[in-house]
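Reading through the C-alpha cells given below for one structure.
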Amino acid sequence: MYDVIIIGAGVTGCAIARELSRYQLRVLVLEKEEDVCCGTSKANSAIIHAGHDATPGTQKAKFNVLGNAMMDELSQELDFPFVRNGSLVVCFEEAQIPKLEELMERGRQNGVEGLRIVRGEQIQKLEPNLSDSVTALLFCPTGGIVCPFLMTIALAENAAVNGTQFRFDTKVTQIRPTDNPQEGWQIFTDAGEVLTTRCVVNAAGVYADVFNNMVSARKLSITPRRGEYQLLDKKAGALISHTIFQLPGPKGKGILVTPTVHGNLMVGPTAQDLTDKEAVNTTAAGLAEVMEKGRQSVPSLPGRMTITSFAGLRASEAEKDFVLGEAPDAPGFFNCAGIDSPGLSAAPAIGVYLAKQVAQTLRAEKKTDFCGTRKGIPNVAQATLQERKALIQQDPAYGNVICRCETVTEGEIINAIRRPCGARSLDGVKRRVRAGMGRCQSGFCAPKVMEILQRERDIDPLAVTKHGPGSELLTGTTREDREDETV
Amino acid sequence: MKPYDLIVIGGGPAGLAAAISAREAGVKEILILERDNEPGGILNQCIHNGFGLHTFGEELTGPEYAIRFIEQAKALQIPCKLNTMVLDLQDDGSGVKQVTAMNRQDGLLELTARCIILAMGCRERPRGALNIPGFRPAGVYTAGTAQRLVNMEGRMPGKEIVILGSGDIGLIMARRLTLEGAKVKAVAELMPYSGGLARNIVQCLEDYQIPLLLSHTVTDLHGKDRVTGVTLSQVDANSRPIPGTEQEISCDTLLLSCGLLPENELSDKLGVSLSPVTGGPEVNESLETNVPGVFACGNVLHVHDLVDYVSEEAARAGLHAAQYLKEKKRDSRDFSLPICPKDGIRYTVPQTVRPDCMDDTLLVRFRVGAVYSDCRIFVSLGDTCIQTLYKKKIAPGEMQQLTLKKADLAAASPSDSIIIRLEENVHGNA
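Taken in sequence, the protein lines are chains A and B.
Under our numbering, the first residue of the first sequence carries the number 1, and numbering increases by one thereafter.
Under our numbering, the first residue of the second sequence carries the number 488, and numbering increases by one thereafter.
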C-alpha cells in the first residue's frame, strides 16, 4: 500500500516526487521506460521561458512565471546547469511590430519583468549574427536555458535520497478505484502486479489522457505534436548568445535558435500533429525545415556542423492549457496533463503546487530530516587544473578519459551508474555525463562505455542496451568465441 | 622541468614512424603520448592483410605492421605514455610549447616541448552529420566502431547488415562480417563511384556476391529500439533522393562508412591553421604548420588510403622536426610558393613550398574530385609547364602523388605559384 503513486518519471513527475519527498509519505514513481527523462522531457528546446507567450489567466501563464523565478535557487540546490542568457523574439517586418508590443503587454500582464522592444542599430549590438532583415525584437532578460536531462535527473535523485521509490520498465495497464473507494486506487502493471495507493498522480506525458480517461468522465484528448531539432557542434556554439524566437504562430513559438548550457547550438522545433504517440522519428522534410527557418533568424547557421538530430513529442491537450489538480469525479486522482511548452519552465512550480494538494488530501506531515540539496557528478571537462588534480587523487579513474570529444572520464561514468536512480544504459550514461554527446557521437567511446556498464552492473556483455530492453547493442560473439559452432 | 625536445601526439603508425625517424636523426628527449592502452593506433583493429607492400615488400596484417614499428621504437628507447589523453596544447610564442595531458597513474601532466608532431589520426563521420532521418535505435554503428567490436572484443554488432558508404573500412567490414556469419545485404554509395580502393571492391564485395548500389542513400531508418530496416533511395546527379525509387530492406544493423575526418581539435587550440578541404593542417614542404616547430603527419594531416604512405610521410615529419631542433635560426628571406590545385584536383599536401628549404625532390600527394579517365596532369610554375603526368583512370578513393624537382623551381620568384591541374580525355580530344 502506497500513499502516492506517480505515473511517469519525466520532469513534472520527478518535480512532484521531489516536493512530495518533503512529507512523511510512501511514494512510488512508475516509469514505462528504463530511466527518468525518456519522453518529452528529453527531447525539447531546453528553454526556461520568460513567460510572455501564454494567454494571461491560464495555468500556463501562471506556472511558467512561477517556475522561471524558482530556477536560480533550484539549480543551485540540486546542482544542475541553468543560465539566464535572455531571449529575443524577432520580427522581420515593420507591420509585425504591433504584434511584438502585444506580446510585451501580455508578458506584463503575466508578471514578466524587464521586457523591452529593441530596434535599429541596437539589434546588431545585442546579437551580432542576427539576420539584417530583423526589424525589431522583444528582449526578455529573464529567459534562460537549462539541461533538461540533468534537471530531471537531479529532481529524481533528490527524491530518491529522501525515500521516494522508483520502478522502471513498468507500464501501467489499468487504474481502478478500490472496492471501497475511500481506500484509494488499484494500479495494474504489465508485470501482472496490482498495486494499491491512496492517491495517484498522472504525469504520463503524451499518455496522460489515456489514464485520465480510465477514471474520469471529464475526458482529455492529448495530441502528440512532433518537434524535430538539429544539434550543432560546439564550434558553432558561440554564434549567438541569446535564445532567438520568431513571432509565435498558432502551433507554437516557431523555430528557435539557441545556445545550450553545454555550449552547442540547437535549432528547432517543427510542429506536426500526429496520432502515433511513439513517433519520435525525424523526417527529411522536417530536418530541412529546421535549417531553412533557423537561417531566417541567423543566416550564417552552419548546417554542416550538425552532429545529431532528434524529435520529441509535445503533449498537447485539446483545451490548450495545463490540466492540473484532482479530477472532479475521481477523488485522489490528480492530473498533471497537457504539459507541453512551457512545461519544462513550469515544472518546478507545478511540483510544489500538486505536492501541496496531494499532501493536504492525505493530511501528511512534513519530514524533519528532508535533505533539499544534491551534489551532481563532477565535471572533469569544466574543472580547473587544481580541481582535476584533486579528483584524480581521490580516485584515479577521474584521470582516465573515455569520451575524447567531451572529455568524460571513467570516474564520472562510474559515478553516474552507481548513484541513486543511476544510469543503466548507454543513453543513460550519455544524458548524465555527456559521453557520446560530442562530435563523433560515441564512435570511439561506445565500446568502452559498454564495457564499464557491463562491469559495473555485473551483466552479460550482450545484455548492455542503448536505452533499455529491446535495444541490446550486440547480437552475439564472433565465430572463434562461439563454442557451439565449428569454423 | 626541462622541456622535451619533441613530444609526439599519438602513438599510431604516424606517431611511431615520426618518433623513430626523429630519434635516428639524433633527437634525444622524445615522448610519445598515446590515448589507447597500447601503441599501434587503428592498425590494432585492422586484422586483415594488405599492409606493408610498399614499406616491407610483403603483405602483413595491421597488428603485424604495427609491431615492427613498436619494436623499433622500443629498441631506440623512445618512451611512450599509454592511456594518456592530451587535453590542451598551447604555444605562447616563446618557442616552447605547453602540453597538458591526463592519465590514471600520473594524474594531470603539464609538460613542455620545443617541438611537437601532431599524429592524432582521424575519426569517422557519424550518423548525425549525415542527417539520416528516422528513429534512433540501437544497431547504427560506424564501420570502425563495428571493426573494434568484432576484431578486438569478439562481439557481433548485428546479424543482417546494410552498409552506407563504400569507404575502405566499410568494404573491409562487409567481408569480415560475412566471414563471421552475418548477412551483408547491400552496400549503398551516394556517389556514382566507390570511395574505396578498387582492390577492396573486388576482394570484399564481388568475391562474396555483396551488391554495391551506386548513387543510393539511406532515406529512412526504421525501428524504435533496435534497427528493423532501412529505406534506400536512388539519388540524382545532385545527390538528391529520387521519389519513387524507395526500397525497404529489412536488417538489424546499419553500418556507416561515409568518410573520415582528421581530428584536429588540439591543433585548433594551438593556433594551427587548417585546410577547409582536407580538414587537416596546412603545411609546407617540411610538413610544418604555420606554428613554427609544430609538424603534422598521417591521417590528422589528410586521410590516407595506405598505411605505407603514412609511415613514409611521418618519417619525413620526424626528420624535419630533427632539423628544426638543430637549426637555431632560419633564413627569413626564404619565400614560400603556394601549390594551387585546379580543374579536378581537390587538394595537395603540402600546400606550400619554400624552394630554398626543400630537398632535391619533394613528394606531393593529392586527390582528385571525381572519377576521370584518359587524363593528363599538368604542373606549372606560373605559366611554365614543368611536368606532366598521364593517368588512364583516376578516382577520388586513391591518393595520387608526383615529385617536384628543386631544379624546376630555380627560376621561381616570390610572386609565383605552382599550379596543378587535370585535363580529361586527352587522347579523345586530340
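Think of the CB as a built atom: it goes at the ideal place given N, C-alpha and C, for glycine as much as any other residue.
**Report entry** Close-in-space but distant-in-sequence residues of the same chain around Leu540(B) (CB under 7 Å, 5 per side omitted)
**Finding:** Hits under 7 Å: Glu546 and Asp795.
Query raised in the report: Any Cβ of chain B within less than 9 Å of the Cβ of Lys32(A)?
Result: Taking Cβ atoms only, chain B never reaches closer than 9 Å to Lys32(A), which makes this a no.
Query raised in the report: Is it right to say Gln246(A) is buried, meaning 16 or more other beta carbons lie within 10 angstroms of its own, or is it exposed?
Result: It counts as buried.
**Report entry** Where Ser309(A) sits in the DSSP three-state scheme
**Finding:** Correct three-state label for Ser309(A): strand.
Query raised in the report: Nearest chain A C-beta to Gln585(B) closer than 9 Å, yes or no?
Result: Judged by the 9 Å Cβ criterion, Gln585(B) is not in contact with chain A.
**Report entry** Rounded C-alpha distance that separates Leu493(B) from Pro825(B)
**Finding:** If I take the Cα positions, the gap works out to 28 Å.
Requested in this report: Check whether the Cβ of Lys389(A) lies closer than 9 Å to any Cβ atom in chain B.
Outcome: Cβ-Cβ to chain B under 9 Å: yes for Lys389(A).
**Report entry** Range of the contiguous alpha helix (DSSP H) that encloses Ala15(A)
**Finding:** Looking at the DSSP string, the run of the alpha helix (DSSP H) that includes Ala15(A) is Val11 to Leu20.
Report task. Please list, in chain order, all residues of the same chain as Ala61(A) whose beta carbon is under 6 Å from its beta carbon, the five residues on each side excluded. Result -> Counting only Cβ-Cβ distances below 6 Å, and skipping sequence neighbours, we find Ala54 and Asn110.
Requested in this report: For Gly502(B), collect the residues of the same chain with a Cβ closer than 6 Å to its Cβ; drop the 5 residues on either side in sequence, then sort them by chain order.
Outcome: Exclusion of the five residues before and after Gly502(B) leaves Val495, Ile519 and Ala606 as the residues of its chain whose Cβ lies within less than 6 Å of its Cβ.
Query raised in the report: If the cut is a Cβ gap below 7 Å, which residues of chain B does Arg404(A) touch?
Result: Below the 7 Å Cβ cutoff, chain B contributes Arg522 and Met572 as neighbours of Arg404(A), in chain order.
Requested in this report: Select from Ile47(A), Thr164(A) and Ala136(A) the residue whose C-alpha is nearest the C-alpha of Pro259(A).
Outcome: Taking only the C-alpha atoms, the option nearest Pro259(A) is Ile47(A).
Report task. May I ask you to list the residues that DSSP assigns as paired with Val627(B)? Result -> Under DSSP, Val627(B) forms a beta bridge with Leu741(B).
Query - beta strand (DSSP E) segment containing Asp460(A), residue limits - result: Run containing Asp460(A): none; DSSP gives neither H nor E here.
**Report entry** DSSP-derived helix/strand/coil call for Tyr811(B)
**Finding:** It is helical.
Query - C-beta contact flag for Val705(B) and Ala675(B) at 9 Å - result: Yes; because the gap between Cβ atoms is below 9 Å, this pair is in contact.
Query raised in the report: Looking at the structure shown, is Gly294(A) part of a helix, part of a strand, or coil, going by DSSP?
Result: Here Gly294(A) carries a helix assignment [DSSP, helix/strand/coil].
Query raised in the report: Apart from the five residues on each side of it in sequence, which residues of its chain come closer than 6 Å, Cβ to Cβ, to Gln887(B)?
Result: If you ignore the 5 residues before and after Gln887(B), its C-beta comes within less than 6 Å of the C-beta of Phe853, all in its own chain and listed in chain order.
**Report entry** Within-9 Å CB hit, Asn687(B) to chain A
**Finding:** Not one chain A Cβ lies under 9 Å of Asn687(B).
**Report entry** Limits of the beta strand (DSSP E) - the one that Ser87(A) falls within
**Finding:** Run containing Ser87(A): Ser87 to Cys91, per the beta strand (DSSP E) assignment.
Requested in this report: Throw me the rounded Cβ distance for the Gln186(A) and Arg176(A) pair, which I believe falls under 8 Å.
Outcome: Yes, they are in contact, since the Cβ atoms of Gln186(A) and Arg176(A) sit about 5 Å apart, within 8 Å.
Report task. Compute the beta-carbon to beta-carbon distance between Val722(B) and His709(B), rounded to the nearest angstrom, for a pair I have assumed lies under 8 Å. Result -> No, Val722(B) and His709(B) are not in contact; Cβ-Cβ is about 19 Å, not under 8 Å.
Query - Sequence-distant residues of its chain with Cβ nearer than 6 Å to Phe63(A) (five each side left out) - result: Taking Phe63(A) as the centre and dropping the five residues before and after it, the same chain places the C-beta of Ala346, Ala349 and Ile350 closer than 6 Å to its C-beta, in chain order.
Query raised in the report: Between the segment 154 to 182 of chain A and chain B, which residues of the former have CB atoms less than 7 Å from a CB of the latter, in chain order?
Result: Per Cβ criterion, the list is empty.
Requested in this report: Ignore the nearest five residues each way along the sequence and tell me which others in Gly428(A)'s own chain have a CB closer than 6 Å to its CB.
Outcome: For Gly428(A), where only same-chain residues beyond five positions count, the Cβ hits under 6 Å are Asp35.
Query raised in the report: Which class does Gln182(A) belong to by DSSP, given the choice of helix, strand or coil?
Result: Looking at Gln182(A) - three-state DSSP - the assignment turns out to be helix.
Report task. Determine the contact status of Ser41(A) and Asn158(A), defining contact as a CB-CB distance below 9 Å. Result -> With a cutoff of 9 Å on beta-carbon distance, Ser41(A) and Asn158(A) are scored as not near each other.
**Report entry** Identity of the residue in Cys784(B), Asp755(B), His535(B) and Cys745(B) nearest Met639(B) by Cα
**Finding:** Cα-wise, what sits closest to Met639(B) is His535(B).
Query - Proximity below 9 Å, CB of Gly312(A) to CB of Gln230(A) - result: No, the Cβ-Cβ distance between Gly312(A) and Gln230(A) is not below 9 Å.
Query raised in the report: Three-state secondary structure (DSSP) at Gln124(A)?
Result: When secondary structure is reduced to three states using DSSP, Gln124(A) falls in the helix class.
Report task. Examine chain A for any beta-carbon lying closer than 9 Å to the beta-carbon of Glu885(B), and answer yes or no. Result -> Not a single CB atom of chain A sits nearer than 9 Å to the CB of Glu885(B).
Query raised in the report: According to DSSP, is Thr486(A) helix, strand or coil?
Result: With a pLDDT of only 47 at Thr486(A), under the threshold of 50, the placement of this residue in the model should not be trusted; the figure read from the coordinates follows. Here Thr486(A) sits in coil by DSSP.
Query - Which residues DSSP lists as bridging Gln585(B), in chain order - result: Paired residues: Gln577(B) and Thr599(B).
Requested in this report: Kindly indicate which three-state DSSP category Leu130(A) falls into: helix, strand or coil?
Outcome: For Leu130(A), the three-state secondary structure derived from DSSP is coil.
Query raised in the report: Using DSSP with H/G/I as helix, E/B as strand and the rest coil, what is Pro526(B)?
Result: If DSSP states are grouped into helix, strand and coil, Pro526(B) belongs with coil.
Query raised in the report: For the segment 689 to 713 of chain B, which residues have a CB atom closer than 7 Å to at least one CB atom of chain C, in sequence order?
Result: No chain C is part of this structure, whose protein chains are labelled A and B.
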